[in-house]
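Below is one structure, written out as structure tokens; the observations come after it.
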Amino acid sequence: MTAAARPAAATPGVDLAPGVDLAPDVDLAPGVAPPPDVAGPAGPTGPTGRAPVAALPPARPGRAAAVLTGLGLAAVALVIASAGIGQMDIPPDQVIHLLAGKLGLELGTAPEATNAEAVLMSVRLPRLALAALAGAALATAGALMQGVFRNPLAEPGVIGVSAGAAAAACGGIALGAGALGPWSTAGLAFAGGLGSTLLVYGLSRAGGRTEVVTLVLTGVAVNAVAGAAIALFVFLADSSAREEIIFWQLGSLNGTRWQYVAVAAPVVVVAVTAAMTLARPLDLLSLGERSARHLGVDVERLRIGVIVLVAFLTAAAVAFSGIIAFVGLVAPHLMRMALGPGHGLLLPASALGGAVLLMAADLVARTAVNYADLPIGMLTSLVGGPFFFYLLRRARRQAGGWG
Amino acid sequence: MAALLAAHGVHYQVGQAQILRGIDLAVRPGEVLVLAGPNGAGKSTLLAVLAGDIRPTDGQVTLDGRALHGIGVKALARRRAVMLAEAQVSFPFSVADVVRMGRAPWRGGQEEADDAAVAAALAATDTLDLARRIFQTLSSGEKARVAFARALAQQADVLLLDEPTAALDIRHQELVMSLARREAGRGRAVLAVLHDLSLAAAWADQLALIGDGRLVGAGPVAEIATPDRLSDLYRHPIGVWPDPATGLPVVAPIRGRRPVTPCVA
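Protein chains in written order, with our numbering: chain A, 1486 to 1888; chain B, 240 to 504.
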């Protein structure tokens, strides 16, 4: 065998430097092999010359802008359509007129009905706003959880965080803590969400990773305990508190007021913004906790940050809309399929996608049956449950079972 | 030359189990140090201690004379790169994205320089044509080369490799070890855990043998890789012969029931 007979470690078509014969045959002595100078004497960020950078795929998929624009347009279209559709129909041009009027613009046609503005401003818009906020919050929480659990099946509803938040809030309602103002229920929901997130995280991890089966079974247990707590509170509560608790369990955006939006909006905006700053460490975490640490990620701090954010986001959504499951599963999954797994895009796209998803779901909840407001949590579970099942099947096919 | 990364009297204990018992080891710039030993000898634990993943129960590890645990994770990531024995990625990232992650410690530099380093690392490890593939769809040997490329792209002074060649074919074993040598040639300190002692003999400057948590021998390969020491360590008759072409030691188990008197390289 001669040096010429052995192919250099060159990829065909790749312009490797001369002298790249990486394994000279005869002289294997240390230090004698000519070092293949492929990378050049690159410093930490120094240019490396010859390297075929063009062969790399772009760091961001080309369709990112298109997907985000499409979602944005869908959100706008949903706002206009959903604001107009209902027991009192307001045509789109009149909706646009009213919305533009709030911004000081003259657009569209003035509404015919005298109470159109009242219906729009005090009933439909706060409800839409809360749907968008809750959807964004749940989807972002789902994306964050999936990142930190390194498991695409994590979701606040599935693993019991929503139920934990709801149980704490229901306890507050049943025991009369709700009289302390809108923040008290939200505060309890947050405490319950944080507690159950910590519980699931502590129980389902082993050796730095979370097995699918452990995660899902932990969720079953947490959901069961939270369900029992809610049942107890239903038993203890008086009849008006009972009705309120039932609403929590089913999930609904009915009767949303601007005050709720005012409480939820700052929490969601701050938490989603904070989540974006964790995109890069979350990417690195997908290599595993040790490798992430080798690349400079303070894994412990990242985990705590994510858990607190998830609790805030879930609580903000759950506190005013009850348990709305599977949004946090479906939205990040669809976005990952469209845009790839990089969290820099995945987090904002999930937030936007979750908002669109929940606004659409709420439109269906309001309009599917005449004179009835379907519980939105029921709707999302109806669609999300089978989707979850599909993901489980796919995970089994691809990864050879519970991993 | 002075040690870049050094273990001083390192002990590591989990419960009642003594994994490491007083290890002194120095990884010097410009050298490839191979760590070898039987299964369960403590090689990967020692690598984890040297990487700063776990703190020794006694003794300490220093980088440039400073205690390793006193260096922050971010600063440390610019000084040492680690390739673990099993590369796993939990979401469908492309190969290029995975190797780009190796540039994370240098964030704030120029993206172009980053991508040049990424492309160079991919080209060097013969994985450039896999750049667009999803990491999970690769074979284990391809995964190992991509993981190695990620460690190369990090361009750190210390390179710690846990069984970098375990899943590789002969050509890529030679490729990876030649790249480890190249990095040493650039003044970096390289430590590799290897099972293939002939590979170690061909490419390493120093060989450290570890058995039952203790260092059995450390020094130039030809001095350390003796049939007696190896047979003793692995509890199996092992022969060492000089390669007829290069004179470098070739290490192989002696098969059959007759222990042959081996010649020493």
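We treat Cβ as the ideally placed atom computed from N, Cα and C, and that holds for glycine.
Output yes if chain A places a C-beta closer than 7 Å to the C-beta of residue i; else output no.
i	result
Q445 (chain B)	no
C437 (chain B)	Checking the sequence, you will find Ser at residue 437 (chain B) rather than Cys. No, no contact with chain A.
A246 (chain B)	no
V490 (chain B)	no
P256 (chain B)	The sequence shown places Ala at residue 256 (chain B), not Pro. Chain A, which has no Cβ nearer than 7 Å to the Cβ of A256 (chain B), makes this no.
L259 (chain B)	no
V253 (chain B)	no
A358 (chain B)	yes
P344 (chain B)	yes
F387 (chain B)	no
S470 (chain B)	no
P331 (chain B)	yes
R371 (chain B)	yes
Is DSSP giving residue i helix, strand or coil here?
i	result
L369 (chain B)	helix
V253 (chain B)	strand
H1779 (chain A)	helix
V1643 (chain A)	coil
D292 (chain B)	coil
A242 (chain B)	coil
H1582 (chain A)	helix
G1531 (chain A)	At G1531 (chain A) the pLDDT is 37, less than 50, meaning the model places this residue with poor confidence; the figure from the coordinates comes in the next sentence. Reduced to three states, the DSSP call for G1531 (chain A) is coil.
L272 (chain B)	strand
G478 (chain B)	strand
L1738 (chain A)	coil
G1569 (chain A)	helix
V266 (chain B)	strand
S1607 (chain A)	helix
S329 (chain B)	coil
L1590 (chain A)	coil
G1555 (chain A)	helix
R1879 (chain A)	helix
I258 (chain B)	strand
G248 (chain B)	strand
R389 (chain B)	helix
R339 (chain B)	helix
A1595 (chain A)	coil
R1690 (chain A)	strand
A405 (chain B)	coil
Does the beta carbon of residue i come closer than 7 Å to any beta carbon on chain B?
i	result
P1542 (chain A)	yes
R1778 (chain A)	yes
P1826 (chain A)	yes
V1499 (chain A)	Reliability fails at V1499 (chain A), whose pLDDT of 39 lies under 50, so the model's placement of it is uncertain and the value that follows must be treated cautiously. Chain B contact via Cβ: present.
V1685 (chain A)	no
S1890 (chain A)	Residue 1890 (chain A) lies beyond the stretch modelled for chain A, which goes from 1486 to 1888, so this question has no answer here.
R1788 (chain A)	no
S1771 (chain A)	yes
P1871 (chain A)	no
What residue range is occupied by the uninterrupted beta strand (DSSP E) comprising residue i?
i	result
Q506 (chain B)	Outside the modelled stretch of chain B, which goes from 240 to 504, sits residue 506 (chain B), for which no answer is possible.
L398 (chain B)	V397 to D401
A229 (chain B)	With chain B represented from 240 up to 504, any question about residue 229 (chain B) goes unanswered, as that position is not in the structure.
To which residues of the same chain is residue i closer than 6 Å at the C-beta, ignoring the five residues directly before and after it?
i	result
A320 (chain B)	A390, Q393, A395 and L398
G1656 (chain A)	F1718
Q252 (chain B)	T296
V489 (chain B)	S437, W480 and D482
L400 (chain B)	M322 and A431
L1673 (chain A)	A1653, A1654 and G1657
R1612 (chain A)	L1738 and T1741
L1767 (chain A)	G1632 and H1828
G1617 (chain A)	According to the sequence provided, residue 1617 (chain A) is Ala. The question's Gly does not apply to it. Here the set comprises A1840 and M1844.
Measuring from the CB of residue i, is there a heavy atom of the ligand NAP at a distance below 6 Å?
i	result
L1556 (chain A)	For the ligand NAP, the structure offers nothing, since it holds no ligand at all.
Ends of the alpha helix (DSSP H) at residue i?
i	result
M322 (chain B)	Per DSSP, M322 (chain B) belongs to no alpha helix (DSSP H); it is in the beta strand (DSSP E), R319 to M322.
L1613 (chain A)	L1610 to F1634
G424 (chain B)	I409 to G424
L377 (chain B)	Unbroken run through L377 (chain B): none, as it is neither H nor E.
Y1758 (chain A)	It is worth fixing the name first, because residue 1758 (chain A) is Thr in this sequence and not Tyr. Note, T1758 (chain A): alpha helix (DSSP H), W1743 to M1761.
A314 (chain B)	V312 to A316
R1765 (chain A)	A1764 to L1770
Within a Cβ cutoff of 7 Å, which residues of the same chain sit near residue i, ignoring the five residues on either side of it in sequence?
i	result
Q255 (chain B)	none
G1807 (chain A)	A1651, F1732, W1733, Q1734, L1735, G1736, S1737 and G1862
A1760 (chain A)	T1625, L1629, L1794 and L1832
Skipping 5 residues on each side, what residues in its chain have a beta carbon closer than 8 Å to that of residue i?
i	result
I1658 (chain A)	T1670, F1718, A1722, A1726, E1729, I1730 and W1733
V328 (chain B)	V337, F374 and Q375
>> Please give me, in chain order, every unbroken run of the alpha helix (DSSP H) with length at least 4 that falls completely inside the segment 428 to 472 of chain B.
In response: 436 to 442 and 460 to 463
>> What ranges does the alpha helix (DSSP H) occupy inside the segment 1786 to 1866 of chain A, keeping only unbroken runs of at least 4 residues that lie completely in it?
In response: 1812 to 1824 and 1828 to 1852
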